[in-house]
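Going by the numbering used here, the sequence shown opens with residue 472, and the numbers climb by one from there.
Ideal Cβ placement from N, Cα and C applies to all residues, glycine included.
Source: prediction; values computed, not measured.
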Amino acid sequence: DAGVTPLSVRVPGKMMLLGEYAVLEGASALCAGVARYATGWRIEEREDESPVDEAVRARVEQELGPCDIGKRINNGSIRKGSNKLGIGSSSAAAVAAAALFSGRIDDEVRTWAVDGHRTAAGGRGSGIDVATSFVGGLVVAGRQPGPVRKLDFQWRDYTLHVLFMVDSASTAELVSKAKSAPSWPKL
Numbered sequence: 472d473a474g475v476t477p478l479s480v481r482v483p484g485k486m487m488l489l490g491e492y493a494v495l496e497g498a499s500a501l502c503a504g505v506a507r508y509a510t511g512w513r514i515e516e517r518e519d520e521s522p523v524d525e526a527v528r529a530r531v532e533q534e535l536g537p538c539d540i541g542k543r544i545n546n547g548s549i550r551k552g553s554n555k556l557g558i559g560s561s562s563a564a565a566v567a568a569a570a571l572f573s574g575r576i577d578d579e580v581r582t583w584a585v586d587g588h589r590t591a592a593g594g595r596g597s598g599i600d601v602a603t604s605f606v607g608g609l610v611v612a613g614r615q616p617g618p619v620r621k622l623d624f625q626w627r628d629y630t631l632h633v634l635f636m637v638d639s640a641s642t643a644e645l646v647s648k649a650k651s652a653p654s655w656p657k658l
């Protein structure tokens, strides 16, 4: 369709540094964008979509009306084969999908990505992972949608090493376990 402007996006993954579960109870968390990206582009025909894509599309359509735009997202650098690495493959994909479906990048897109991502996760999650993928860099924020503060911090003198434990974790399952714990052990 000649009326559709080609659009491509590149969205960073994220790494939760502090407060991953505390943010669910109203605290702020510290999260960093990582140099692993989901890339996406519009295509002519719709393809099969993940639950995150479907939920994001529904949220965008709720605001903008029917959206017949096709998209393709490659988040292979944020995954290891079929394993999630825990560095934001779904949050980056949610941001990419919201931008591609709406044809824009603004705070409403961030909100739609957060809402769609949360819906796909069964209503769970703080949304700070999606906000970090949207903003990039080092971010302090609470439950989303809400204010996001990007910290002015230069990483060039620091190296952060991360271990990958082979088995992917289910965020929804971990959040459920954390919320159901009667108390936290004292360290």
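With a CB to CB cut of under 6 Å and the five nearest residues on each side skipped, what residues in its chain are close to A592?
Once the five neighbours on either side are set aside, the close Cβ partners of A592 are A643.
Would you mind sorting N546 into buried or exposed? The rule is 16 or more other CB atoms within 10 Å of its CB.
Buried: at least 16 other Cβ atoms inside 10 Å.
Using C-beta distances below 6 Å, list every residue in its chain close to L622, excluding the 5 sequence neighbours before and after it, in chain order.
Only L609 meet the Cβ criterion.
Go ahead and label S499 buried or exposed: buried means 16 or more other beta carbons lie within 10 angstroms of its beta carbon, across all protein chains shown.
Its Cβ being crowded by 16 or more others within 10 Å, S499 is buried.
I believe K485 touches D628 by the beta-carbon criterion, under 8 Å. Please report the beta-carbon distance rounded to the nearest angstrom.
In fact, because the Cβ distance is near 21 Å, the residues do not count as touching under 8 Å.
Would you please verify whether the beta carbon of A567 is less than 9 Å from any beta carbon of chain C?
The structure shown contains no chain C, having only a single protein chain.
Taking the C-alpha atoms as reference points, what is the distance between A493 and D577?
So the alpha carbons of these two residues sit roughly 27 Å apart.
For G587, report the span of its alpha helix (DSSP H) as first-last.
Where G587 is concerned, the enclosing alpha helix (DSSP H) stretches over D578 to A591.
Where do the N-terminal and C-terminal ends of the alpha helix (DSSP H) with L489 fall, by residue?
Here L489 belongs to no alpha helix (DSSP H); instead the beta strand (DSSP E) covers S479 to L489.
Between which residues of its own chain and S641 is the CB-CB distance below 7 Å, once the five residues before and five after are set aside?
Contacts found: none.
Under a three-way DSSP split, which group does I558 fall into?
Reduced to three states, the DSSP call for I558 is coil.
Can you tell me whether DSSP reads R530 as helix, strand or coil?
Helix at R530.
Might you give, ordered along the chain, the residues of its own chain that have their beta carbon closer than 6 Å to the beta carbon of S597, omitting 5 neighbours on each side?
Result list for S597: V494, L495 and R614, in chain order.
Thinking C-alpha only, which one of E491, Q625, P537 and S561 is nearest F605?
Answer by Cα proximity: S561.
Decide if R517 is buried, meaning its Cβ has at least 16 other Cβ atoms within 10 Å, or exposed.
When all chains shown are included, R517 counts as exposed.
For L571, count neighbouring C-beta atoms within 10 Å of its own C-beta (all shown protein chains included) and say buried if the count is 16 or more, exposed if not.
Flag for L571 reads buried.
Quick one: what's K621 bridged to in DSSP?
Beta-bridge pairing links K621 to V610.
Candidates V611, S573 and G536: which alpha carbon is nearest G504's?
The option with the nearest alpha carbon to G504 is V611.
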